Amino acid sequence: MLLEFELNGRQTRVEAEPTQRTLDLLRDVLGLTGTKEGCGRGECGACTILLDGKPVNSCLLYAAKLQGRRVTTIEGLAAADSAADSASGRGAEGNPPALHPLQEAFLSEGAVQCGFCTPGMILSAKSLLDQNPDPDVREIEEALSGNLCRCTGYGKIVKAVQKAAAAAQAAAAQTAELGPGRRAASEKSGNGAAVRSTKAKSAGNAKSDRRQRGASR
Amino acid sequence: MTAVQYLRAENLAQALAQAAAAAGERMKFLAGGTDLCVQIAEGALDPTLLIDISAAEELRRIEHGAEGLRIGAALPIADLLEAARAAAAGKRTESAGIPRCLLQGAAAIGSPQIRQLGTIGGNVCNASPCGDTLAPLIVLAAGFTLSSARGSRVVPAEEFFLGPKATVLEPGEILESILIPASHLSGRSAFRMIGKRNGQAISQVNVAVWVKLEQSGGTVSGGGSAAGGAPGAAEGTPAAGNSIEDIRIAAGSVAPIPLRLGRAEERLRGSVPDEAALQAAAKAVQEEIRPISDVRTSRAYRRGVAASLFMDVMAEVLEREGG
């Protein structure tokens, strides 16, 4: 059947078997291998994607159910904040786009070890922060309870989500501090441009942390 | 898998017509798919036709009426919980009054991802003895409306289940909606489950209870729902000294079907629930259940913990300390 849905901000048309798993459609047909297969039966959360902004297991989701829906994979996160080829996750000039604040926080907090659970963890966390910008630890743990990590013991992952939430709150506060005139002017340049510029700033700091760690390796 | 035919139903009438036209097919209705996909992938089920009902709006509603609270079978578990949260926050009053035990059972299902796709009707029709909404629906005296091209019938929750994965549903028949009667929307209810961990765990045992309390001045009001506060918040007035006018108790994962525990109910109906009465009822719970040892836990553990969970749910509905 011909499927039409929004994938990482782009209208996508693809021919698929109705009962093909969304996981396989993403990885094998659309080449988006950031979505991982762990258990293949809805228990580990490695294959988590966002469907209309809410986390679901793509191993349990038949492709036919994507018709007319909005899908976000890990490739769509960094691209969401840049003028990039968002479906493939590549930047406009072939450069990797700026990472999402959650991705930066996972890096700077060392919340990634083998990395297999990370895409699903980050997407579950994104859905949480989109609905609840200032979650407490219990709320973070609840939101991530469908994502298993066998490396980290979860402590650093929870810290990373807290850090990303704090960064977003600080960015929002900074935006609010701009005068109404300046805010209107910056918003004219594009959807969410004011937020984006402050996000880029915090991401930049995290990036220099990462460069330092990389140099000391 | 590629041989399976897939149809999407836009509404109930279309789903029933598609099912009626599917004679000779091994047909399954597909809602969230969180159990069905796994059963198909593992070869436990081998349908030739799937009719996807998840897009049918009329099967995803929550409606209050004079008869009670009607919940569409294809309502995702997450939407049920969200409706209660919104009602608690004063946002959507039509969703108020979802009984507490049902919300506690719904919140115990799977993970956030599973609750997003999985539906209340799917939890029911999957008919796993450990399904976390089943004991709540039995104690709430829920009626299941089953429909086919031939017409509709209503089956009480406690008569719906025949065994693991087996129900009274006939070929081509669909669970359309679940009605919790107005009589059981008042009163107090509670649910507890125990599993190996809090997230993403399947119940080793679960217990639900609904009670209607009586004081000398009349029936105690204002319990059992999330209308006045967040799920899990205290509701009504302390009730430990009141007698029990009516009570329903059910448990899951303790028999081939979710089991109503009539003998334990009889111990408490019409009595003042003091410690001795509760202990006697807990003993009746242990005698009435028929647990087995399986991959999840042992028969002896289930028997022991069922009594503890029963004391916990009674403590919650009676608002007693400890349990």
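So the sequence lines, in the order shown, correspond to chains Y and L. Just so you know, we're using the numbering used here here: the first sequence kicks off at 1 and counts up by one. Just so you know, we're using the numbering used here here: the second sequence kicks off at 1 and counts up by one. Beta carbons: idealized from backbone N, C-alpha and C, even for Gly. Note that the structure is predicted; figures quoted are calculated from it, not measured.
Same chain only: Cβ atoms within 6 Å of residue i, ignoring 5 sequence neighbours per side
i	result
Ala160 (chain Y)	Ala105, Phe106, Glu109 and Ala111
Gly120 (chain Y)	Gly45, Ala46, Thr48 and Asn147
Met314 (chain L)	Leu278
Ala201 (chain L)	Gly195
Ala142 (chain L)	Ala157, Ile178 and Ile180
Ile114 (chain L)	Thr34
Arg260 (chain L)	Ile138, Glu158 and Ala250
Residue i - DSSP class collapsed to helix/strand/coil
i	result
Asp246 (chain L)	strand
Thr152 (chain Y)	coil
Gly120 (chain Y)	helix
Pro47 (chain L)	coil
Ala280 (chain L)	helix
Met1 (chain Y)	coil
Ser203 (chain L)	coil
Gly76 (chain Y)	helix
Ser271 (chain L)	coil
Ala208 (chain L)	strand
Gln113 (chain Y)	coil
Ala251 (chain L)	strand
Pro101 (chain Y)	helix
Val158 (chain Y)	helix
Asp312 (chain L)	helix
Ile62 (chain L)	strand
Val71 (chain Y)	strand
Arg21 (chain Y)	strand
Leu188 (chain L)	This sequence places Arg at residue 188 (chain L); Leu is not what is there. DSSP places Arg188 (chain L) in strand when its eight states are reduced to three.
Arg303 (chain L)	helix
Leu30 (chain Y)	coil
Leu129 (chain Y)	helix
Leu80 (chain L)	helix
Glu235 (chain L)	At Glu235 (chain L), the pLDDT of 44 sits below 50, so the modelled position is not reliable; the number obtained from the coordinates is stated separately. Here Glu235 (chain L) sits in coil by DSSP.
Arg290 (chain L)	coil
Leu144 (chain Y)	coil
Ser298 (chain L)	coil
Gly40 (chain Y)	coil
Glu266 (chain L)	helix
Gly90 (chain L)	coil
Other residues of its chain near residue i: CB distance less than 7 Å, five sequence neighbours each side excluded
i	result
Ser177 (chain L)	Arg70, Ile71, Gly72, Ala73 and Thr145
Met1 (chain Y)	Ala16, Pro18 and Ala64
Arg303 (chain L)	Gln286, Ile289 and Pro291
Ala173 (chain Y)	none
Ala280 (chain L)	Arg267
Gln116 (chain L)	Pro76 and Ala78
Per-residue contacts from residue i into chain A (C-beta, under 9 Å)
i	result
Arg41 (chain Y)	The structure shown contains no chain A; its protein chains are Y and L.
Bridge partners - residue i, DSSP secondary structure assignment
i	result
Gly72 (chain L)	L:Ser177
Ile194 (chain L)	L:Val205
Thr35 (chain Y)	Thr35 (chain Y) is not bridged to any residue.
Thr12 (chain Y)	Y:Phe5
Leu7 (chain L)	L:Ile51
Arg100 (chain L)	Paired residue(s): none; Arg100 (chain L) is not in a bridge.
Ile261 (chain L)	According to the sequence provided, residue 261 (chain L) is Leu. The question's Ile does not apply to it. None; Leu261 (chain L) has no bridge partner.
CA nearest to the CA of residue i, picked from the options
i	options	result
Gly172 (chain L)	L:Leu30, L:Glu10, L:Ala3 and L:Ala315	L:Leu30
Gly68 (chain L)	L:Ala9, L:Leu179, L:Ile62 and L:Ala20	L:Leu179
Leu162 (chain L)	L:Ala87, L:Arg248, L:Ile109 and L:Cys125	L:Cys125
Leu36 (chain L)	L:Gly118, L:Leu16, L:Ala251 and L:Cys130	L:Gly118
Arg290 (chain L)	L:Ala300, L:Ile244 and L:Leu175	L:Ala300
Ile140 (chain Y)	Y:Ala165, Y:Arg150 and Y:Phe116	Y:Ala165
Cys114 (chain Y)	Y:Gly153, Y:Thr73, Y:Tyr62 and Y:Gly42	Y:Gly153
Asn8 (chain Y)	Y:Cys39, Y:Tyr62 and Y:Leu66	Y:Leu66
Pro258 (chain L)	L:Lys28, L:Leu213, L:Gly151 and L:Ala135	L:Ala135
Ala3 (chain L)	L:Asp46, L:Gln18, L:Glu42 and L:Gly33	L:Asp46
Gly32 (chain L)	L:Ile53, L:Asp246 and L:Ser189	L:Ile53
Ile74 (chain Y)	Y:Asp28, Y:Ile122 and Y:Val56	Y:Ile122
Ile62 (chain L)	L:Ala41, L:Ile77 and L:Leu50	L:Ile77
Pro112 (chain L)	Y:Ala125, Y:Phe116, Y:Thr175 and Y:Ala143	Y:Ala143
Arg26 (chain L)	L:Thr297, L:Gln5 and L:Ala56	L:Gln5
Thr118 (chain Y)	Y:Leu26, Y:Arg13 and Y:Lys156	Y:Lys156
Spatial neighbours of residue i in its chain, beta-carbon cut-off 8 Å, leaving aside the 5 residues before and after
i	result
Pro231 (chain L)	Residue placement at Pro231 (chain L) is poorly supported in this model, since its pLDDT is 41, which falls under 50; the coordinates still yield a value, given next. So the qualifying residues of the chain are Leu81, Ala84, Arg85, Ala88, Arg100, Leu103, Gln104 and Ala107.
Arg132 (chain L)	Per the sequence shown, residue 132 (chain L) should be read as Asp rather than Arg. The residues are Gly105, Ala106, Ala108, Ile109, Asn123, Phe191, Met193, Ser203, Asn206 and Gly252.
Ser330 (chain L)	Here chain L comprises residues numbered 1 to 323, so residue 330 (chain L) is not present and cannot be evaluated.
Glu43 (chain Y)	Leu148
Val137 (chain Y)	Val158 and Gln162
Complete runs of the beta strand (DSSP E) confined to the region 110 to 174 of chain L [at least 3 residues]: Listed in chain order, the complete beta strand (DSSP E) runs (minimum 3 residues) inside the region 110 to 174 of chain L are 143 to 148, 151 to 156 and 161 to 163.
Scan the region 44 to 69 of chain Y and note each continuous beta strand (DSSP E) run of 3 residues or more that stays entirely inside, going in chain order. Whole beta strand (DSSP E) segments, 3+ residues: 48 to 51 and 54 to 57.
Entirely enclosed beta strand (DSSP E) segments - the region 12 to 48 of chain L, minimum 3 residues: For the region 12 to 48 of chain L, whole beta strand (DSSP E) runs of length 3 or above, ordered along the chain, are 27 to 30.
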